[in-house]
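What follows is one structure encoded as structure tokens, with my remarks underneath.
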Amino acid sequence: MIRTHDAGSLRATDAGTTVTLAGWVARRRDHGGVIFVDLRDGSGVAQVVLREEDAHVLRNEYCVQVTGEVTRRPEGNENPELATGEVEVTAEELEVLSEAAPLPLPVDDQVEAGDDVRLRYRYLDLRRSGPANALRLRSAANQIARTVLHERDFLEIETPTLTRSTPEGARDFLVPVRLQPGTWYALPQSPQLFKQLLMVGGMERYYQIARCYRDEDFRADRQPEFTQLDIEMSFVTEDDVIDLGEAIVSRLWRELAGHQITRPIPRITWHEAMARYGSDKPDLRYGVELTELTDYLRGTRFRVFAGAIEAGGYVGAVVMPGGAAQSRKELDGWQDWAKARGAKGLAYVVLDAETGEARGPVAKNLSTEHLAGLADAVGAKPGDAIFFAAGAESRAAQELLGAARVEIARRAKLIDESAWAFCWVVDAPMFERVTDGEAGGASGWTAVHHPFTAPNAEWVDRFEEAPEQALAYAYDIVCNGNEIGGGSIRIHRGDVQQRVFDLLGITPEQAQDKFGFLLEAFKYGAPPHGGIAFGWDRVCMLLAGADSIREVIAFPKTRGGFDPLTAAPTPITAAQRLEAGVDARPKPEARAQAGTAGPAAPVADPT
RNA sequence: GGUCCUGUGGAGCAGUUGGAGUGCUCGCCGCCCUGUCAAGGCGGAGGUCGCGGGUUCAAGUCCCGUCAGGACCGCCA
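Using my numbering, the first residue of the first sequence is number 1343, and each one after it goes up by one.
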């Protein structure tokens, strides 16, 4: 090392030692005869005192090496703000290791720069303490997860990133295969099938910090490539996986957030979560629960509600504490808010703060009796506002109220930002009805989780009887309204798997074509198994207190899938295009079992 | 694919009902300065107001389109 000490480590006890430091000029204060430089390295900052003429050339972010004696600062010149504030290094030698051009992005913790500039100069951004600490935290999180898992005899095993599509339902990223022109690899959306094969292979306890790829639109908590802490275990029940998940999460939060999670983490069924919070990832930092009014309002003459009730649907409400104080404009704003998410509107009633009298457009449509008992029915007080949602589809109405609940909490400032509220959402439904608009409204079933999720003991023999009610051994862990992980016990019996495929409308031929290798593996003594995958970027984002996963990714992409630093993606040359076989037609016959098929002749046919 | 917000020297922001010269802080360049720590003082350079079109006597400001960044819906666990 060309340094003897870390700048941030110097203390009063080091006084008298001669040290060599290497790092960056974080800030300089040039007094003419004496120059103070804050020298920053990975460990922190120390003040260097320079009296040499040639020190005047120093500029921000010059990379320098300094040798000198550590001395206590003169009486009264200590800086209690700095860990190293009691001492300074009086430079005897200064070497400029490399100069820095004027900075396009100030390396300054005070300045908030725009995302495009930060990402374009991410290496400068990372010199700032916030972004640097976010990556350090992520490294620590990785370490903690590995420790917990190795303590429990897990094996870290890597799986391919050039593979075929796994059935997660998102769009695949595709990679042309030069050796088999016209054929394509898919980047894995998750290592799902491989980890199940590892269980068949007797690995019993697998984990991987796995990069996953999904070609869908971005969000603050979504990137096209992202990371999962992926785990699978053999011979386990749902409780075993949940217990492991809690062990990991509680260790992470204890060591990185200073928060002791109370275990067991509460569990709520999926149906209860939808009924009480209108969400399958409820934020439990605040109350504001939904109330179902389907029975209460039965017989109402208000068409919107009556229609939903007669259709066997749902009417419900959520209360905004103090919401009656909102202006007409604010209340109208809720209508726009609801329309923006595809609802027709958001009916409401406000309760007069003095008299408790119900007012508002909807109040006129409700009978005196319904109005009289309304406040009690939904738990509202004078001065509150009550929002309603109704629909033939219970879930859509509940989700609208659930979204309103989140918005209410935000507008009414009901969220304790320092709180951590965890829960498991269990007993998720197996199937969801899908209507294929293009196929003339034909309806079928799709797997809520994925098609290898096991029905629970109650439903395993009869999920076909009422697919919409069948429950799975599937569980999600939720933190402050964010789904941070999810998993399931998998199907390991061929007959059950076949019945699930039948219900999903997957023909044996299709099943064979898409994941025949997994089904074949299951013929040879597949152990019962299950697992979980944590959305590692989200976990780290929450631990870092960030509001986007971009903050915990070293080199993230912008919303358009663009990397401002490397300017990827780029067009390819005609030669690359030809060689990659992008336009080649695959050989007509389906590729036989692996092994004997030679490389196909290149059928370059650029169109 | 849809809705919304933002775009003004290198960075962060201001710019009123359209009205003369687009302003501030930081940074940058030069000079001064021996105890600062967001050092200070004096002077200076640097701007196609994202881009294109339109309305107008006049556009940073209003309208249309487009590009880029962001938030959300759709999509995606």
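Glycine included, every Cβ here is placed at the ideal spot set by N, Cα and C.
Asked                                                                                                                        : Found
Three-state secondary structure assigned by DSSP to Gln-1918                                                                 : helix
Candidates Arg-1564, Pro-1446, Ala-1512: closest to Gly-1903 by CA position                                                  : Arg-1564
Nearest-angstrom beta carbon gap, Met-1541 and Asp-1793 [assumed within contact, 8 Å]                                        : In the sequence as displayed, the identity of residue 1793 is Pro instead of Asp. Not quite, the Cβ-Cβ distance comes to about 17 Å (not below 8 Å), so this is no contact.
Candidates Asp-1818, Gln-1839, Tyr-1815, Glu-1774: closest to Ala-1808 by CA position                                        : Glu-1774
CB contact flag (Val-1429, Arg-1353, <8 Å)                                                                                   : yes
Length of the line joining the Cα atoms of Lys-1899 and Asp-1905                                                             : 5 Å
Range covered by the alpha helix (DSSP H) that runs through Leu-1951                                                         : Residue 1951 lies beyond the stretch modelled for the chain, which goes from 1343 to 1949, so this question has no answer here.
Residue of Gly-1828, Ala-1896, Leu-1846 minimising C-alpha distance to Val-1583                                              : Gly-1828
The region 1500–1510 in contact with the region 1538–1556 per 3-pair CB rule at 8 Å                                          : yes
CA nearest to the CA of Lys-1569, picked from Trp-1878, Val-1776, Arg-1919                                                   : In the sequence as displayed, the identity of residue 1569 is Thr instead of Lys. Checking every option, the nearest Cα to that of Thr-1569 belongs to Trp-1878.
Cut-off 6 Å between Cβ atoms - residues of its own chain near Leu-1743, not counting five sequence neighbours on either side : Gly-1620, Leu-1632, Gly-1658, Val-1660, Ala-1731
First and last residue of the uninterrupted alpha helix (DSSP H) at Ile-1486                                                 : 1471–1493
Where Asp-1396 falls: helix, strand or coil (DSSP)                                                                           : helix
Outcome for Tyr-1656 when other beta-carbon atoms lying within 10 angstroms are tallied against a minimum of 16              : buried
DSSP bridge partner residues for Cys-1821 (one or two, in chain order)                                                       : Phe-1764, Asn-1824
Spatial neighbours of Thr-1525 in its chain, beta-carbon cut-off 6 Å, leaving aside the 5 residues before and after          : Val-1519, Pro-1928
4 or more residues per run - each alpha helix (DSSP H) lying fully within the region 1516–1592                               : 1534–1542
Reference Tyr-1555; option with closest CA among Asp-1581, Val-1438, His-1871, Val-1517                                      : Val-1517
Option nearest Val-1361 by Cα separation, candidates Arg-1345, Pro-1448, Val-1490, Trp-1679                                  : Arg-1345
Status (buried if at least 16 other CB within 10 Å, exposed otherwise) for Gln-1531                                          : buried
Residues sharing a beta bridge with Ala-1443, DSSP                                                                           : Note: Ala-1443 sits in no beta bridge, so no partner.
8 Å Cβ cutoff met for Ala-1552 and Pro-1533                                                                                  : yes
Pairwise C-alpha distance: Ser-1592 and Asp-1383                                                                             : 32 Å
Inter-stretch contact (C-beta, 8 Å, three-pair minimum) for the region 1817–1826 and the region 1836–1844                    : no
Residue span of the beta strand (DSSP E) that contains Trp-1878, given as start and end                                      : No beta strand (DSSP E) contains Trp-1878, which is instead part of the alpha helix (DSSP H) from 1878–1886.
Own chain, CB closer than 7 Å to Leu-1445, minus 5 neighbours either side, in chain order                                    : Asn-1402, Glu-1403, Leu-1466
Assigned exposure category for Phe-1577 - 16 Cβ within 10 Å defines buried                                                   : exposed
Backbone CA spacing between Ala-1781 and Met-1575 [nearest angstrom]                                                         : Low local confidence applies: a pLDDT of 49 at Ala-1781 is under 50, so the model's placement there is unreliable, and no value is given.
Helix, strand or coil at Gln-1389 [DSSP, three-state]                                                                        : strand
When Val-1379, Asp-1372, Phe-1496 are compared against Trp-1366, the one with the closest alpha-carbon                       : Val-1379
Between the CA atoms of Phe-1876 and Tyr-1548 - distance to the nearest angstrom                                             : 14 Å
As assigned by DSSP and simplified to three states, the class of Gln-1677                                                    : helix
Selection from Cys-1405, Asp-1451, Arg-1414, Gly-1427 that minimises the alpha carbon distance to Leu-1439                   : Cys-1405
Of the residues His-1492, Val-1692, Ala-1562, Gly-1923, the one placed nearest Leu-1884, counting alpha carbons only         : Ala-1562
Completely contained alpha helix (DSSP H) runs for the region 1700–1783, where each covers 4 or more residues                : 1710–1720, 1736–1753
Helix, strand or coil at Asp-1622 [DSSP, three-state]                                                                        : coil
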